[in-house]
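Notes for the one structure printed next.
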Amino acid sequence: MNSIGTDILLAEESPEEAEVTIRALRREDMTPNIFVARDGEQALDFIFCRSKFAARSSDRPPKLILLDLKLPRVNGLEVLKQLKDDPRTRAIPAVILTSSQEEGALVRSYDLGANSYIQKPIDFEQFGRTMRTVGFYWMVINQLPSANQARKSAGQGGS
Amino acid sequence: MSATGTRMGEEAGKSVASKPQLHVLLLEGDSADRELILRELAKGEFEITSDVVQTAEEFRQRIRDQPPDVVLSDYNLGQWRGTEALEILREEGLDIPLILVSGALGDVTAVECIKQGVTDYVLKDSLARLSVALRGALKDKKSREERQRAQESLAQKVEELARSNRDLEQFAYVASHDLQEPLRMVAAYTQLLGERYRGKLDDQADKYINYAVDGAERMQSLIHDLLAFSRVGRQETELKNTDCNEVVGAALKDLQAAISESGAVVEREPLPWLKANESQLKQVFQNLLGNALKFRGAQAPVIHISAQRQGADWIFSVADNGIGISTENLESVFIIFNRLHTRTEYPGNGIGLAICKKIIERHGGSIEALPGADGGTILRFALPAGRPADIQESA
Amino acid sequence: MTTTLAEILLVEDNPADRDLTIDALAHRHWPSNISAVSDGAEALAFLRREGKYAAATRPNLVLLDLNLPRKDGRAVLADVKSDPALRRIPVVIFSTSQAPLDIERCYELKANSYVSKPSTLRDWMAAVKVVNEFWLGCACLPREEEQ
């Protein structure tokens with residue numbers, strides 16, 4: 010697994026929850042580069058190397074996206090939709106991480122192509138444990154698609 | 506009168522004293538001159554058969570039907586020139602020497618003709634030179650032909666070697682890939698047998714199980730390494746502008762646990778940018794740094810990473826203070842599966858350096874091992890620096 | 006987190022691997038009910054509740070090998086993810102191949118996850134343990150009526 014470049018994009022409005030998530034994702038043998046987007050628009054700009062992130066090389070998209078549904082500006086489902094609609098980015102695994110108890114959010118997320126859906130535990134300790142499992146599963150056990158292949162197979166992608 | 510262009514019979518080759526044969530095509534309008542030339546040729550060291558043509562079309566036809574060994578041509582052929590015959594020879598793709606046999610030819614014209622490709626020229630009032638000129642022309646042709654044959658033979662051998670290499674790599678890859686699954690079955694189920702029955706049958710059974718498990722695990726390890734090795738050859742070595750500092754950083758990150766555990770100190774000098782395959786280069790550093798950590802001495806490992814420009818290359822150096830490599834082993838460490846120590850002393854199959862070598866060589870570089878100043882080892886490898894215009898150095 | 010027993014469909018043609026996986030899942034923290042089929046056509050029949058599988062329970066999770074007889078795993082994946090009745094079911098590829106092209110292709114075909122079959126027993130058990138912990142313990146899986 011190539012650890013050069015951003016590994017994880019975490020789209021999370023709450024700084025406290027982002028902090029717990031980041032800490033849980035970092036272990037002695039695993040220190041992924043994590044970028045935190047505070048709202049949906051920032052997340053999209055980061056993913057598509059637009060606007061403030063125009064200087065980012067589209068050669069190295071994030072390898073994994075952790076996405077809260079409740080995001081200001083552009084909500085998580087919309088981010089998910091755009092991510093999975095675009096051939097350049099749809100292979101990037103996107104895991105929904107939400108406290109939303111909203112009916113239908115689960116179904117809607119899987120419908121839009123979310124790779125997985127996680128309800129954030131309310132208990133602080135449990136949240137940490139869950140995130141550690143999430144990190145370990147997606148970064149170690151699971152095989153992530155390699156960035157170069159994603160670009161190549163999508164061709165030049167539409168925009 | 507011209508003789509017909511028939512070759513002499515077989516008897517020519519039998520007697521040692523007989524002259525070598527030569528078929529000559531004469532481009533000469535004047536019959537008296539023709540006679541003179543033929544008579545001169547007959548005096549020489551060759552058994553001559555000859556043919557005469559006058560026009561360009563005749564010439565072209567004749568060289569197609571029966572290519573001569575040499576063309577003797579007048580410069581001035583009425584409607585056309587001897588030098589045009591050269592063109593026709595070229596068009597027909599024939600490597601036949603053309604000697605101009607001409608009346609007075611100014612020096613300038615003579616040099617021009619030679620430049621155009623005329624092999625030699627002989628003046629009609631010094632026909633005695635003809636033999637010498639012929640000999641020279643034929644000798645040149647012979648060496649040209651020999652050289653070409655040698656080149657073709659070499660090209661063919663290179664192609665065969667390349668193909669054989671590809672086949673071998675394909676085989677190594679397929680074999681190791683397909684062997685993995687049945688091997689996994691053997692390894693997993695012997696282990697399960699062990700877990701289930703160890704201590705429940707007799708000592709002998711326990712021993713058998715342990716040997717089986719051990720053997721299966723070693724097979725797996727070897728196949729895994731073989732696969733890694735042959736994968737290097739299979740991937741396209743896509744070269745991109747790479748910051749070697751970042752690559753080393755990533756490799757160190759992956760080795761973090763081993764570094765903290767051994768209390769290792771890693772000293773890094775600034776490294777250049779160059780065109781490389783990032784993930785393969787990372788593998789190289791990982792292997793070299795991993796070795797430096799593994800083959801450590803009693804003290805904590807101290808590893809020094811640096812690079813120096815030398816001509817068209819960057820020479821990278823990974824130096825350690827470990828157990829070192831004895832002089833007689835400095836070359837063989839790069840051989841696949843070659844191990845210098847027992848498995849109980851140091852783990853591993855002995856493939857790390859073989860992989861490094863393969864990767865470096867695919868990048869157009871070279872690698873060597875040297876003894877370090879105080880007993881450790883220096884691994885040095887060269888990589889082409891590339892043209893400055895190609896490499897962008899941005900922060 | 007599923008409160009009822011999770012239903013897992015294991016699609017694996019190698020009986021040794023199948024048994025290993027079932028064994029590994031059996032001793033885990035989050036129990037599940039495992040159905041196993043050994044080729045791609047059977048897998049789809051099971052999912053669509055056709056023929057002898059008319060009474061089958063729809064799985065909450067599919068573990069899918071790629072090299073299958075009768076219908077290749079990639080084809081099964083493509084069919085499942087284009088079938089509106091089935092596409093929400095998370096499909097985890099569980100395959101020997103570590104080739105980046107295979108991995109990429111599966112994600113393009115909308116596989117939810119890709120796990121390479123580890124080569125040692127210990128790693129296999131560990132991987133299945135984490136698969137179990139994540140999918141059954143952390144993730145929320147679509148329920149039958151939501152599919």
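Protein chains in written order, with my numbering: chain A, 10 to 168; chain B, 506 to 900; chain C, 6 to 152. Built from N, CA and C at the ideal position, the CB exists for glycine as well. Here the structure is a predicted model, which is why all the values come from computation and not from measurement.
Inter-residue Cα distance where the pair is residue i and residue j
| i | j | result |
| --- | --- | --- |
| A/N84 | A/E22 | 11 Å |
| A/Q165 | C/R79 | Reliability fails at A/Q165, whose pLDDT of 39 lies under 50, so the model's placement of it is uncertain and the value that follows must be treated cautiously. The straight-line gap from Cα to Cα measures roughly 24 Å. |
| C/L15 | B/A878 | 59 Å |
| A/G153 | A/I17 | The question names Gly, but residue 153 of chain A is Leu in the sequence shown. Computed Cα separation, rounded: 11 Å. |
| A/S67 | B/P687 | 41 Å |
| B/L706 | A/L76 | 54 Å |
| A/T107 | A/L80 | 10 Å |
| B/D574 | B/V557 | 14 Å |
| B/S648 | B/R595 | 19 Å |
| B/I883 | B/S735 | 26 Å |
| C/D88 | B/G738 | 40 Å |
| B/A537 | B/E650 | 35 Å |
| B/R703 | C/S37 | 30 Å |
| C/D44 | A/L78 | 38 Å |
| B/K646 | B/L666 | 30 Å |
| B/L628 | B/L610 | 8 Å |
| C/P105 | C/P20 | 26 Å |
| A/S168 | A/K93 | In this prediction, A/S168 has a pLDDT of 32, which is less than 50 and means its spatial position is unreliable; nothing more can be read from the coordinates. |
| B/S555 | B/G622 | 22 Å |
| C/A29 | C/A11 | 15 Å |
| B/E751 | A/S155 | 18 Å |
| B/V576 | B/R654 | 23 Å |
| A/I105 | A/Y146 | 14 Å |
| B/C749 | B/I864 | 15 Å |
| B/K780 | B/L731 | 27 Å |
| B/L698 | B/N715 | 10 Å |
| B/T747 | B/A803 | 36 Å |
Where residue i falls: helix, strand or coil (DSSP)
| i | result |
| --- | --- |
| C/S118 | strand |
| B/F551 | coil |
| A/P8 | Look at the range of chain A in this structure, 10 to 168, and you will see that residue 8 of chain A is not part of it. |
| B/V679 | helix |
| B/Q791 | helix |
| A/G164 | The predicted model places A/G164 with a pLDDT of 41, which falls under 50 and marks its position as unreliable, so this point remains unresolved. |
| C/A11 | strand |
| A/Q46 | Residue 46 of chain A is actually Ala in this sequence, not Gln. Correct three-state label for A/A46: strand. |
| B/H809 | strand |
| B/W778 | strand |
| C/L105 | According to the sequence as given, residue 105 of chain C is Pro; it is not Leu. Three-state result, C/P105: helix. |
| B/Q709 | helix |
| B/D574 | coil |
| B/N826 | coil |
| A/Q110 | coil |
| B/K745 | strand |
| B/D535 | coil |
| B/W819 | strand |
| C/L69 | strand |
| B/H846 | coil |
When the options are compared against residue i, the one with the closest alpha-carbon
| i | options | result |
| --- | --- | --- |
| A/R97 | A/A123, A/P41 and A/C58 | A/C58 |
| B/I728 | C/W140, C/T125 and C/L141 | C/T125 |
| B/R723 | B/H846, B/P852 and B/V823 | B/P852 |
| B/L643 | B/G699, B/A615 and B/I601 | B/I601 |
| A/P24 | A/L34, A/R47 and A/N42 | A/R47 |
| B/N826 | B/L798, B/I841 and B/S784 | B/L798 |
Any C-beta of chain E under 7 Å from that of residue i
| i | result |
| --- | --- |
| C/E138 | Here the protein chains are A, B and C, and chain E is not one of them. |
Supposed contact pair residue j and residue i - C-beta distance, whole angstroms, cut 8 Å
| i | j | result |
| --- | --- | --- |
| C/L49 | C/D84 | 6 Å |
| B/E545 | B/K524 | Contact flag wrong, Cβ pair sits at about 15 Å. |
| A/S125 | C/N137 | Rounded, the Cβ-Cβ distance is 14 Å, inconsistent with contact. |
| B/F821 | B/R885 | 7 Å |
| C/V135 | A/I74 | Not a contact, Cβ separation roughly 20 Å. |
| B/G587 | B/L605 | 5 Å |
| C/V133 | C/V97 | Between C/V97 and C/V133 the Cβ distance is about 11 Å, and since that is not below 8 Å, they are no contact. |
Pull out every residue of the stretch 34-66 of chain C whose Cβ sits closer than 7 Å to any Cβ of chain B, in chain order. none
Which residues of the stretch 686-700 of chain B have a Cβ closer than 8 Å to any Cβ of chain C? Give them in chain order. E686, L688, R689, M690, A692, A693, Y694, Q696 and L697
Relative to chain C, which residues along the stretch 725-742 of chain B have a C-beta separation below 8 Å, given in chain order? Q725 and H729
Looking at chain C, which residues of the stretch 133-149 of chain A have a Cβ within less than 7 Å of any of its Cβ atoms? T139, T142, V143, F145 and Y146
Would you list, in chain order, the members of the stretch 110-134 of chain C that have their beta-carbon closer than 7 Å to a beta-carbon of chain A? Of all residues in the stretch 110-134 of chain C, the ones placed with a Cβ closer than 7 Å to any Cβ belonging to chain A are Y112, E113, K115, N117, S118, Y119, V120, S121 and A132, in chain order.
Check distances from the C-beta atoms of the stretch 78-109 of chain C to those of chain A and list, in chain order, the residues that come in under 8 Å. R92, R93, P95, Q103, P105, L106, I108 and E109
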